[in-house]
Amino acid sequence: MQIYIQNTGETPIYEQIVSQIKAQILSGALQEGDALPSMRTLAKELRISVITTKRAYEELEKQGYVRSITGKGSFVAPKNLELIREENLRQIEDAMQRIVSLAAPCGLSLEDLMHMLTFFAKGEDV
Amino acid sequence: MKSAFCLQAVTKRYPAREKAPGFALGPLNLSLPGGCILGLIGENGAGKTTTLKMMLGLTRKSGGHIELLGRPAGDETTRAHIGAVLDGVCFPGEMNARQVGRMLEKLYPSWRMGAWQMWCRRFQLPEEKKIAAYSKGMQQKLMLAAAFSHDSRLLLLDEATSGLDPVARDELLDTLRDFVSDENHSVLLSSHLVEDVQKVCDYVALLHRGQLLFCEEKDRLLESFALVQGPKDVLMQLSNRRGLRENAFGATALVPRTQVPSGLIWQPAGLEDIMLYTLRGDHHERTAV
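In order, the protein sequences belong to chains A and B.
If you're matching positions, the first sequence starts at 75 in the numbering used here and goes up one per residue.
If you're matching positions, the second sequence starts at 1272 in the numbering used here and goes up one per residue.
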């Protein structure tokens, strides 16, 4: 498992941990049942506060990616297709939002966008 | 989590004397969950050392209640598990490290000679050299070695990193991170070196003229503020600003991140920014004439 922390302060540290572990679960690099490092180990290795690693794990648990067993540690939760769908949907919405805001200033109509999307969906070049 | 220490309504009053003005500290309410590091920051004279000395029973408190490791301060059963490093307090100058080890062995039932020798080696402290000939950094390392060698569970460090060079400081911070490896080991670190506090602490408390201005989780604190730049009159309208610094070409203010006006340039605020803007309020940049 690889985690890289940027200490620039722009993205909260716990969010960086959450998004990186989530990405590794979604990509399959972390599999169902895999043990995550203990919060103290993660804090010590990354030289960050244990409160922050705790917050990250709690957030992952809340979102359903991880489950914690008292006394044993935290483990990757069983793959939940609904969850993956939700996450992908959220990312698609974000991307669409960006498409719409990029299209407006150059005068692309909704119809133009639909055309482009159809091409992409069919695997052809525009 | 069990708390490492708890201060309830602790006060200290020094009456005004002929030349020295009076000083009042507190009432202070401060506690730390076990397994964490708290950084106590503030200017000279803010009351940091007095707070630590009251916790150690070296200074009598005027009021309030102090609990260390779940027992009232000064309790015999917990005393051996509290390690302290204070500025200027050291062992007799004519002793060497080996002799200090033997003396402390008699003082602490929980003394571990093997640990002492290991720490002395790790800190590169010569066994035979007299302490009087130690540099300030070496004296601090010697006291740290002692604190680490009697099964301390709560470390109270007053300016423990200030006499050390950058590499030694970084090593010490690593040592502190190792020390809090479970919920039974905690550290209170007072320091001017805000940079060190930002690197190593879980919680940060700011003391100013004897009053506690805040005690917060470090990462949440850093997430919640921003330094925003813009024309002074615009920034002056931000009622939630903590402080504003003005120069001939513009101004910078410390504001909650949620209240950064759109269109203005902002950047994350470091612990030092938060401390300086909070303590100095609105002020002009001093320019050299």
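In this text, a Cβ means the ideal position worked out from N, Cα and C, and glycines have one as well.
Any beta carbon from chain A within less than 8 Å of residue i's own beta carbon?
i	result
G1534/B	no
K1489/B	yes
C1391/B	no
E1494/B	yes
P1539/B	yes
D1473/B	yes
E1543/B	no
L1443/B	no
Confirm, please, whether the CB-CB distance from residue j to residue i is below 8 Å.
i	j	result
M75/A	Q98/A	yes
P1298/B	A1280/B	yes
I1312/B	S1462/B	yes
M1325/B	K1283/B	yes
V1465/B	L1542/B	yes
I1308/B	L1447/B	yes
A1540/B	L1498/B	yes
Y1474/B	E1454/B	no
E1289/B	L1550/B	no
L1459/B	L1427/B	yes
E1398/B	A1368/B	yes
Examine chain B for any beta-carbon lying closer than 8 Å to the beta-carbon of residue i, and answer yes or no.
i	result
K136/A	no
S123/A	yes
R79/A	For the record, residue 79/A in the displayed sequence is Ile; it is not Arg. Output row for I79/A: interface = no.
R164/A	no
P179/A	no
R114/A	yes
K128/A	no
K196/A	no
Using CA atoms only, rank isn't needed, just tell me which of the options is closest to residue i.
i	options	result
L157/A	T115/A, I125/A, Q137/A	Q137/A
R1393/B	I1402/B, Y1379/B, F1294/B, L1413/B	L1413/B
S1423/B	G1345/B, G1316/B, G1521/B, A1355/B	A1355/B
R1513/B	S1533/B, A1317/B, L1484/B, L1535/B	L1484/B
F1419/B	V1438/B, L1506/B, L1443/B	L1443/B
A130/A	V174/A, K96/A, F193/A	K96/A
S148/A	T85/A, R164/A, T127/A, I87/A	T127/A
S1510/B	W1390/B, G1310/B, D1553/B	D1553/B
Q1530/B	G1521/B, Q1500/B, F1520/B	Q1500/B
C1361/B	L1415/B, I1337/B, G1341/B, V1451/B	L1415/B
T85/A	K1503/B, S1274/B, R1491/B, M1507/B	R1491/B
Name the chain A residues whose beta carbon is nearer than 9 Å to that of residue i?
i	result
C1307/B	S123, V124, I125
Name the chain B residues that come within less than 8 Å of residue i, Cβ to Cβ?
i	result
T82/A	P1539
* According to a CB-to-CB cut-off of less than 8 Å, which residues of the segment 1449-1464 of chain B neighbour chain A? -> D1449, V1451, S1452, D1453
* Asked: For the segment 143-158 of chain A, which residues have a beta carbon sitting closer than 7 Å to at least one beta carbon of chain B?
  -> none
* Asked: Relative to chain B, which residues along the segment 86-102 of chain A have a C-beta separation below 8 Å, given in chain order?
  -> P86, I87, Y88
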